[in-house]
Amino acid sequence: ICTALLSALSNTEVRHDVAMTGEVTLRGRVLAIGGLREKTMAAFRNNIKTVVIPAANEPDLIEVDEAVRNAIRFVPVKSVDEVFRIAFNSVPDGHKADDKEQHMVEAIAASKPSDSSVRNPVTC
């Protein structure tokens, strides 16, 4: 949902070959999820090449079918900024992010709440 909202607000397309799962706190941390095996199988069936997962779920990849693990590039992330870099990145890996992408990431980072008592996750 977070990526979809940013896409709509910025009028920027999300990469069509990327899927993602996770929960996001109001501070932008990506939290672990359940059902990784089932979610990655769905991505595999829909010819998704890259799946962004919470870094905390990386050990769960052992439960994912071998054919799925071999066909999909899994990218573990800890923050929503990392998700945005992947979801909106239209240049090959290893290249510097373009100005539009960097501006979006900076805008999101600037809008994060500063109150440390706010810890409610938002499911994305």
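All the letters of the sequence shown, read from the start, carry residue numbers 126 to 249 under the working numbering. In this text, a Cβ means the ideal position worked out from N, Cα and C, and glycines have one as well.
query                                                                                                                          : result
Classify Leu134 as buried or exposed, calling it buried when 16 or more other Cβ atoms lie within 10 Å of its own Cβ.          : exposed
In terms of residue numbering, what span does the alpha helix (DSSP H) encompassing Arg154 cover?                              : Arg154 -> no alpha helix (DSSP H), and no H or E assigned at all.
Roughly how many angstroms separate the alpha carbons of Cys127 and Ile187, rounded to a whole number?                         : 27 Å
One question on the structure: do Phe199 and Ile178 come within less than 8 Å of each other, judged by their Cβ atoms?         : yes
With a threshold of 16 other CB atoms inside 10 Å of the CB of Gly153, please say whether the residue is buried or exposed.    : buried
Thinking just about the alpha-carbon of each residue, which of Thr150, Asn136, Asp206, Ala212 is nearest to the one in Ile173? : Ala212
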